[in-house]
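Chemist: Numbers 1 to 385, taken from UniProt numbering, label the letters of the sequence shown in order.
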Amino acid sequence: MCMETTVPPPTATTVCVTGAAGFIGSWLVMRLLQRGYNVRATVRDPEVIKPTVEGMLSIIRSCAKAKTVKKLIFTNSAGTLNVEEHQKPVYDETNWSDLDFIYSKKMTGWMYFVSKILAEKAAMEAAKENNIDFISIIPPVVVGPFIMPTFPPSLITALSPITGNEAHYSIIKQGQFVHVDDLCEAHILLFEHPTAEGRYICSSHDATIYDITNMIREKWTEYHIPTEFEGIDKDIPVVRFSSKKLMGMGFSFKYTLEDMYRDAIETCREKGLLPYSTQVHTSGEEKEYLLNSLEKDSDSQGKELLPTSKEKHAEGQGNGLLSSDPYSTQIHTNGEEKELLLNSLEKHLDGQEKDLLPISKEKKAEGHDNGMLLDNAKIQTFDGN
Numbered sequence: 001m002c003m004e005t006t007v008p009p010p011t012a013t014t015v016c017v018t019g020a021a022g023f024i025g026s027w028l029v030m031r032l033l034q035r036g037y038n039v040r041a042t043v044r045d046p047e048v049i050k051p052t053v054e055g056m057l058s059i060i061r062s063c064a065k066a067k068t069v070k071k072l073i074f075t076n077s078a079g080t081l082n083v084e085e086h087q088k089p090v091y092d093e094t095n096w097s098d099l100d101f102i103y104s105k106k107m108t109g110w111m112y113f114v115s116k117i118l119a120e121k122a123a124m125e126a127a128k129e130n131n132i133d134f135i136s137i138i139p140p141v142v143v144g145p146f147i148m149p150t151f152p153p154s155l156i157t158a159l160s161p162i163t164g165n166e167a168h169y170s171i172i173k174q175g176q177f178v179h180v181d182d183l184c185e186a187h188i189l190l191f192e193h194p195t196a197e198g199r200y201i202c203s204s205h206d207a208t209i210y211d212i213t214n215m216i217r218e219k220w221t222e223y224h225i226p227t228e229f230e231g232i233d234k235d236i237p238v239v240r241f242s243s244k245k246l247m248g249m250g251f252s253f254k255y256t257l258e259d260m261y262r263d264a265i266e267t268c269r270e271k272g273l274l275p276y277s278t279q280v281h282t283s284g285e286e287k288e289y290l291l292n293s294l295e296k297d298s299d300s301q302g303k304e305l306l307p308t309s310k311e312k313h314a315e316g317q318g319n320g321l322l323s324s325d326p327y328s329t330q331i332h333t334n335g336e337e338k339e340l341l342l343n344s345l346e347k348h349l350d351g352q353e354k355d356l357l358p359i360s361k362e363k364k365a366e367g368h369d370n371g372m373l374l375d376n377a378k379i380q381t382f383d384g385n
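1. How long is the line joining the alpha carbons of Asp233 and Thr227, rounded to whole angstroms?
2. Thinking Phe253 and Ser154 are a contact (beta carbons under 8 Å), I'd like their distance in whole angstroms, please.
3. On the premise that Ala119 lies in contact with Thr75, defined as a C-beta separation below 8 Å, what is that separation, rounded to the nearest angstrom?
4. Per DSSP, Leu33 is paired with what?
5. Give me the Cα-Cα distance between Ile216 and Ser62, rounded to the nearest whole angstrom.
6. Going straight from the alpha carbon of Ala21 to that of Val142, what length do you get?
7. Please list, in chain order, all residues of the same chain as Ile60 whose beta carbon is under 8 Å from its beta carbon, the five residues on each side excluded.
8. Relative to the C-alpha of Lys121, which residue among Lys245, Asn214, Glu266, Met56 is closest?
9. Between Glu270, Thr278, Thr256, Phe241, which lies nearest to Asp92 when the distance is taken from Cα to Cα?
10. Considering only the alpha carbon of each residue, which of Thr18, Trp27, Ile225, Leu32 lies closest to Pro149?
11. Assuming Tyr255 contacts Asp181 (C-beta within less than 8 Å), just tell me the rounded distance between them.
12. Based on Cα-Cα distance, which residue from Lys105, Lys244, Leu99 lies nearest to Lys116?
13. Going along the chain, which residues of its own chain have a beta-carbon closer than 6 Å to the beta-carbon of Ala64, five neighbours each way excluded?
14. For the 8 Å Cβ check, are there 3 or more pairs between the segment 241 to 250 and the segment 162 to 175?
15. Checking the sheet assignment: what are the DSSP bridge partners for Gly198?
16. Can you tell me where the alpha helix (DSSP H) holding Phe113 begins and where it ends?
17. Taking Asp211 as the reference, which of Tyr112, Ala41, Ile225 has the closest Cα?
18. Express the C-alpha separation of Tyr200 and Phe191 in angstroms, rounding to a whole number.
19. Please confirm whether Asn209 and Phe177 have their CB atoms less than 7 Å apart.
20. Using CA coordinates, which residue listed in Thr94, Pro89, Lys88, Gly79 is at the minimum distance from Ile102?
21. So what does DSSP say about Thr150, is it helix, strand or coil?
22. Given that a residue counts as buried once 16 or more other Cβ atoms are within 10 Å of its Cβ, and exposed if not, what is Thr157?
23. Out of curiosity, what's the CA-to-CA distance linking Arg40 and Ile138?
24. Less than 7 Å separating the beta-carbons of His179 and Met260?
25. Going by the DSSP bridge assignment, what does Arg40 pair with across the sheet?
26. DSSP state of Ala64, grouped into three classes?
27. In whole angstroms, what separates the C-alpha of Lys219 from that of Gly231?
28. Using 10 angstroms around the beta-carbon of Leu159, count the other beta-carbons present and answer buried if the total reaches 16, otherwise exposed.
29. Spell out the partners DSSP gives Thr94 in its beta bridges.
30. Buried or exposed: where does Gln330 fall if 16 or more other Cβ atoms within 10 Å of its Cβ makes it buried?
31. Between the Cα of Leu274 and the Cα atoms of Tyr223, Asp235, Phe251, which residue gives the shortest distance?
32. Taking just the CA atoms, how far does Glu84 sit from Gly351?
33. Going along the chain, which residues of its own chain have a beta-carbon closer than 6 Å to the beta-carbon of Met30, five neighbours each way excluded?
34. In terms of residues, what are the limits of the beta strand (DSSP E) holding Leu72?
35. Nearest CA to the CA of Pro145: which residue from Thr18, Gly25, Thr278, Val17?
36. Secondary structure at Val238, three-state DSSP: helix, strand or coil?
Quick look at the structure:
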């Protein structure tokens, strides 16, 4: 996302926000309009490496041709800062991610990291050549409320302990976080500051995945949150992003880590993107019935735990979520995994109120009334071939 400013007209300053339909862009447009700015907004195509770099250079060429653009602000990513084999205790604006390491590992989000690194470096040079002030804002995982109708990519990462999206655990293993509103306010401050230039980290909180899960477990007891993560030591140190340069410009952060997650969870629930609970209510007799039913259903190859449309299932696979339907969960298992699953279920169901499957407030109320776990509970099985 980029933000450009033109020479002020008699009444108000005009800015152009690219990527205005996205998580950060849409919130920024709202805040700019509230401040009285004239906003011109554009949307963008999905990012891949070459189009991202060429798109960035195209924007700068257009700015130079217009001869009215004074400042260009590039919303960057922490993926340009600390993606490397060994983490440092503290990162600042002088640090860059290791491209060779990214290319060799091809971890979750690697193409996005590469595109941002190459786009930022290309933009720095092009802006300098065309006498345009260039600012790069580097946020970590952005969390908070949102206007867009779909699940923001950064919230897929931030809320992965709730959704069980294990591919994203490594991103918040030693994580850094900022509220979307703080980030947008930082954009506006740097846009308005006459001497702002270069890179600025905008990060308010540093936390490990265990810090995050402990907070969620304490504040949102209705969710089943893992207590251990394979390959991640419980004593893993915090990695800090320094926002000293930004705060030296007079900026202060307003939101706590709990604020970020509360706003994100509430918005996701309101939009039907996240369940209100992942609790299972059962008695001893129902536990035995459930396990027998699950074992019977898991012997077939085409069963569903809860009905999910083809479109929703496709969305879930595409955006990395377990399922984009907030009231359904699909389990994919082969023979060995089936036995493990059933053992796990039996362990979970030994209690009277355990967290297993997402259910809505209405379903949860029904569960209290009739003692049933879920209607039509089935398991979808795949052989993995």
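Every residue, glycine too, gets a C-beta built ideally from N, C-alpha and C. Computed from a predicted model, the values in this text were never measured in an experiment.
Modeler: If we stick to the structure as given:
1. Roughly 11 Å between the two C-alpha positions.
2. Actually they do not touch by this definition, with Cβ atoms about 17 Å apart.
3. In this structure Thr75 does not touch Ala119 by the C-beta definition: roughly 11 Å separates them, more than the 8 Å allowed.
4. Leu33 is bridged by DSSP to nothing; it lacks a bridge partner.
5. So the two alpha carbons sit approximately 45 Å from each other.
6. Each residue's Cα considered, the two are about 16 Å apart.
7. Leu72, Ala123, Ala126, Ala127, Asn130, Ile132, listed in sequence order.
8. It is Met56.
9. Measuring from the Cα of Asp92, the nearest candidate turns out to be Phe241.
10. When each option's Cα is compared against that of Pro149, the closest is Trp27.
11. The pair is a contact, with the Cβ atoms about 7 Å apart (cut-off 8 Å).
12. Nearest C-alpha to Lys116: Leu99.
13. Within the same chain, Ala64 has close Cβ partners Asn130.
14. A contact is defined here as three or more CB-CB pairs under 8 Å, and the segment 241 to 250 fails this definition with respect to the segment 162 to 175.
15. Ile135, per the DSSP bridge assignment.
16. Start and end: 110 to 129.
17. Residue nearest to Asp211 within the set Tyr112, Ala41, Ile225 is Ile225 (criterion: CA-CA distance).
18. Roughly 12 Å between the two C-alpha positions.
19. A small fix is needed here, since residue 209 is Ile in this sequence, not Asn. For Ile209 and Phe177, no; Cβs fall outside 7 Å.
20. Closest option to Ile102, Cα to Cα, is Gly79.
21. Under the three-state reduction of DSSP, Thr150 is assigned to coil, being neither helix nor strand.
22. Flag for Thr157 reads buried.
23. Just so you know, the alpha carbons of Arg40 and Ile138 end up roughly 23 Å apart.
24. Yes, the pair counts as a contact, with Cβ atoms nearer than the cut-off.
25. Per DSSP, the beta bridge partners of Arg40 are Cys16.
26. Ala64 carries a helical assignment under DSSP once its states are collapsed to helix, strand and coil.
27. Note on geometry: alpha-carbon atoms of Lys219 and Gly231 lie some 26 Å from one another.
28. So Leu159 counts as buried.
29. In the DSSP secondary-structure assignment, Thr94 is not bridged to any residue.
30. Confidence is the limiting factor: at Gln330 the pLDDT is only 35, short of 50, which leaves the residue's position unreliable, though a coordinate-based value still follows. Gln330 comes out buried.
31. Restricting attention to Tyr223, Asp235, Phe251, the CA atom closest to the CA of Leu274 is found in Tyr223.
32. Residue confidence is low: Gly351 scores 44 on pLDDT, short of 50, so the model does not pin down where it sits. Its coordinate-derived value is still stated next. In a straight line, the C-alpha of Gly351 is about 43 Å away from that of Glu84.
33. Correct list: empty, nothing qualifies.
34. That run of the beta strand (DSSP E) goes 69 to 75.
35. When each option's Cα is compared against that of Pro145, the closest is Gly25.
36. Note: Val238 maps to coil in three-state DSSP.
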